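Since the structure comes first, as structure tokens, the remarks are kept for the end.
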Amino acid sequence: MLNPKLKNNLKIKNLKINKLKLFQILLVLIFLIFLIFLLSAKNYTEKYTINNVKIEESYSKKDKYYYFTFNYNNITLDMLFNSKYKQKRSFIKDIKIVKDDNDNFCLIPKGDSFNFYPVCYDNNEQTSIYAINKDLKNKLDSKYFPKEKLITTYKDINIYNNDYSYYIWNYDGFYYLNEKENKKIDIFNKEQYTINLIGYTKDYLVVADYDSNYTFSNFYTIELKNGRLKKHKLDRNIYFDSYYPGFKKNKLYIVDSKESTMYEFNAKNGKLEKVPTQIYINNKWVDRNIKTLIATKELFTYKTNYHYTLKDNSLYLSYASKKLNTLIANNITSIVKIDDENIFYLKDDELYHYSPYTGETLLLSYFEWNFNYNNMIYIN
């Protein structure tokens with residue numbers, strides 16, 4: 001049997017050990033809380049000056065973007081990057097200023113965390129390097145304007161870039177072009193010069209059966225990643241006097257004006273269902289009256305921090321809810337597709353891609369687009 005004094009000493013020792021462990025655990029918890037606080041995303045605004053350019057750098061925790069404004073000679077320019085939160089700040093380490101003789105200029109930020117492109121001011125507006133005057137353009141590094149090289153030609157379509165898969169309407173089907181193969185996808189027995197009921201879902205292209213008249217009871221789907229064609233028999237007829245307001249994931253929505261009905265077509269399994277009349281606006285469903293939809297042909301809008309608009313054949317970009325506009329390019333024939341920061345557009349018979357991250361790239365040219373281009377080009 002232990003001596004009472006020895007037993008009491010052991011209790012005191014164990015108590016001290018338990019207190020020490022508790023203290024150590026508490027220290028670890030405090031450190032973890034501090035670490036989480038340190039690493040978690042935060043809204044912030046920071047101001048600094050480089051080469052007489054006043055920079056304001058901010059992060060939006062809610063919308064996950066970094067926004068930069070540059071004030072030079074009392075003129076403010078801006079740029080935005082979608083991004084997860086980063087621990088560092090003051091991302092811009094240097095700014096090169098390029099000027100012409102008429103007070104037009106380009107600012108070229110430099111840093112190692114973002115792919116900064118020049119921002120320019122020309123003819124009293126913020127302008128991309130693709131819309132500036134010739135004298136100012138000649139002062140910029142030629143790396144911003146690489147010469148496009150022809151890769152190959154298929155069915156009179158000149159291919160300069162095969163980073164994407166292209167579906168080019170050829171009046172009874174598609175020319176399918178990508179890095180692995182170029183081929184024709186036959187769909188209809190008769191030629192169709194105007195096809196309005198064709199639209200995207202996340203993974204498919206959906207086309208109404210234009211071999212029918214007035215109404216149709218088949219949809220064709222093309223799997224965007226491989227060009228695989230499939231025919232889906234519907235359990236009812238849909239009038240061609242319909243329109244597609246948009247899609248969510250792999251479900252395409254159809255408003256049948258004659259039947260005053262809204263349908264949901266699942267491009268993955270081919271099922272068609274009647275659904276409540278709603279519009280998807282910035283990632284939220286909003287109720288609409290069917291007569292309003294038929295009259296206005298309202299389209300879905302998808303949440304993005306990049307807003308492109310076409311005005312008098314000039315393409316403009318604005319960021320999030322900011323008020324500044326950037327002239328991207330002139331002489332635009334048509335916008336082909338917008339996917340977040342990515343936009344595809346036609347200039348005469350040439351198809352281009354533009355992104356604030358990578359600039360403008362020539363993709364294809366096709367003489368036929370000088371005459372017919374509406375609903376002719378689809379890209380994945």
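Per my numbering: the sequence shown ends with 380, consecutive numbering throughout.
Cβ atoms here follow ideal geometry from the backbone N, Cα and C, with glycine treated the same way.
Quick caveat: nothing in here was measured; it's all calculated off a predicted structure.
Please classify residue 320 as buried or exposed, where buried requires at least 16 other C-beta atoms within 10 Å of its C-beta. exposed
Beta-carbon of residue 360 versus every beta-carbon of chain B: anything under 8 angstroms? Looking at the structure shown, chain B is missing, and only one protein chain is on hand.
Under 8 angstroms between C-beta atoms of residue 198 and residue 375: yes
What number of angstroms, rounded off, separates the C-alpha of residue 38 from the C-alpha of residue 359? With a pLDDT of only 47 at residue 38, under 50, the local geometry of the prediction cannot be trusted, and the value read off the model is given with reservation. Whole-angstrom Cα-Cα distance: 34 angstroms.
Between which residues of its own chain and residue 208 is the CB-CB distance below 6 angstroms, once the five residues before and five after are set aside? 197 and 216
Apart from the five residues just before and just after residue 34, which ones in its own chain have a Cβ nearer than 8 angstroms to its Cβ? Note that residue 34 has pLDDT 48, beneath the 50 cutoff, so the model's placement of it is unreliable and no number is given.
According to DSSP, which residues form a beta bridge with residue 109? 95
Rounded to whole angstroms, how far is the Cβ of residue 119 from the Cβ of residue 81, which I believe are closer than 8 angstroms? The Cβ separation is near 13 angstroms, so there is no contact.
DSSP-derived helix/strand/coil call for residue 273: strand
Going by the DSSP bridge assignment, what does residue 72 pair with across the sheet? 75
Residue range of the beta strand (DSSP E) that includes residue 252: 251 to 256
Taking Cβ to Cβ, would you say residue 177 is nearer than 8 angstroms to residue 185? no
Between which residues of its own chain and residue 252 is the CB-CB distance below 7 angstroms, once the five residues before and five after are set aside? 199, 201, 206, 244, 265 and 267
Whole angstroms is fine: what's the gap from residue 335's alpha carbon to residue 294's? 24 angstroms
Hey, out of 368, 225, 346 and 296, whose CA is closest to residue 257's CA? 296
Restricting to runs no shorter than 4 residues, where is the alpha helix (DSSP H) found entirely within the stretch 182 to 220? none
Looking only at its chain, what residues have a beta carbon closer than 7 angstroms to the beta carbon of residue 349, apart from the 5 residues adjacent to it on each side? 365, 366, 367, 369 and 370
At which residue ranges does the stretch 270 to 316 contain complete beta strand (DSSP E) runs of 3 or more residues, listed in the order of the chain? 272 to 274, 278 to 281, 284 to 287 and 306 to 311
With DSSP collapsed to three states, give me the class of residue 114. coil
Other residues of its chain near residue 307: CB distance less than 6 angstroms, five sequence neighbours each side excluded: 318
If you measure between the beta carbons of residue 379 and residue 344, is that distance less than 8 angstroms? yes
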